[in-house]
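Asker: Its first residue numbered 1, the sequence shown is counted upward by one per residue in the working numbering.
I have a structure here, written as structure tokens, and I will follow up with some questions on it.
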Amino acid sequence: MKTTDLFITATDARNNFFNLLAKVKKSPYPISITVKGIPEVVVMNKDDYDGWIATLETLSDKDLMESIKESDKNFKEGKYQTLDEVEKELKIGKYRLLSDVKGTYVSSLPRKSSKKRIKKA
Numbered sequence: 001m002k003t004t005d006l007f008i009t010a011t012d013a014r015n016n017f018f019n020l021l022a023k024v025k026k027s028p029y030p031i032s033i034t035v036k037g038i039p040e041v042v043v044m045n046k047d048d049y050d051g052w053i054a055t056l057e058t059l060s061d062k063d064l065m066e067s068i069k070e071s072d073k074n075f076k077e078g079k080y081q082t083l084d085e086v087e088k089e090l091k092i093g094k095y096r097l098l099s100d101v102k103g104t105y106v107s108s109l110p111r112k113s114s115k116k117r118i119k120k121a
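Now the structure itself:
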């Protein structure tokens, strides 16, 4: 990922703190805060931060990385199952995972669309 270098002085960051927060939230790039012209701190939006942390955790997990490498190798060699094969093996048919408003999940068969028409008032 290529980033654009964005810099702001510590004084400007302090004087325009809420504007800085708004800019960081919208920006796909981190902003460096400088002290005497030297970048000292980097500010980034929460989603990007969470993504970096997840990436670091993944890369730090040796077992997970080995599993990913093995899966990638198998995929390149054509050693994988299609979704239909997995559904058949697990005997789950065409079930799908659905979420309701509360964020709970249930399995369900896809519904066929109704052909009934709504009467106009």
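A virtual CB, placed ideally from N, CA and C, is assigned to each residue, including glycine.
Can you name, in chain order, every residue of its own chain whose Cβ lies under 6 Å from the Cβ of GLU122, other than the five neighbours on each side?
Answerer: Absent from the model: residue 122. The displayed extent of the chain is 1 to 121, so no value can be given.
Asker: Shortest alpha-carbon distance to LYS36 belongs to which of ASN19, ASP61, PHE7 and TYR29?
Answerer: The shortest Cα separation from LYS36 among ASN19, ASP61, PHE7 and TYR29 belongs to PHE7.
Asker: Between the segment 31-45 and the segment 8-17, do three or more beta carbon pairs fall short of 8 Å?
Answerer: A contact exists between the segment 31-45 and the segment 8-17.
Asker: Can you name the start and end residues of the alpha helix (DSSP H) that ILE68 belongs to?
Answerer: Taken as a continuous stretch (DSSP letters only), the alpha helix (DSSP H) holding ILE68 covers 62-76.
Asker: In its own chain, which residues sit with a C-beta less than 8 Å from the C-beta of ILE31, not counting the 5 before and 5 after it?
Answerer: Within the same chain, ILE31 has close Cβ partners LEU6, PHE7, ILE8, LEU20, LYS23, VAL24, VAL42, VAL43 and MET44.
Asker: Mapping the DSSP letters down to three states, classify THR82 as helix, strand or coil.
Answerer: Of the three classes helix, strand and coil, the one that applies to THR82 here is coil, per DSSP.
Asker: Just to check my reading of the structure: GLU65 and LEU59 have Cβ atoms closer than 8 Å, yes? What is that Cβ distance to the nearest angstrom?
Answerer: The sequence given here has Met at residue 65, not Glu. That belief holds up - the Cβ atoms of MET65 and LEU59 are roughly 7 Å apart, short of 8 Å.
Asker: Would a C-beta distance cut-off of 8 Å place ALA13 and ILE33 closer than the cut-off?
Answerer: Against a cut-off of 8 Å, the Cβ pair of ILE33 and ALA13 comes out as a contact.
Asker: Along the chain, where does the alpha helix (DSSP H) that runs through LYS26 open and close?
Answerer: 17-26 is the extent of the alpha helix (DSSP H) around LYS26.
Asker: Would you give the residue range spanned by the beta strand (DSSP E) that PRO39 belongs to?
Answerer: It spans 38-43 - the beta strand (DSSP E) in which PRO39 sits, taken as one unbroken run.
Asker: Express the C-alpha separation of LEU90 and GLY51 in angstroms, rounding to a whole number.
Answerer: If you take the alpha carbons of GLY51 and LEU90, they lie about 32 Å apart.
Asker: How is ILE92 classed by DSSP in three states: helix, strand or coil?
Answerer: Three-state DSSP puts ILE92 in coil, outside helix and strand.
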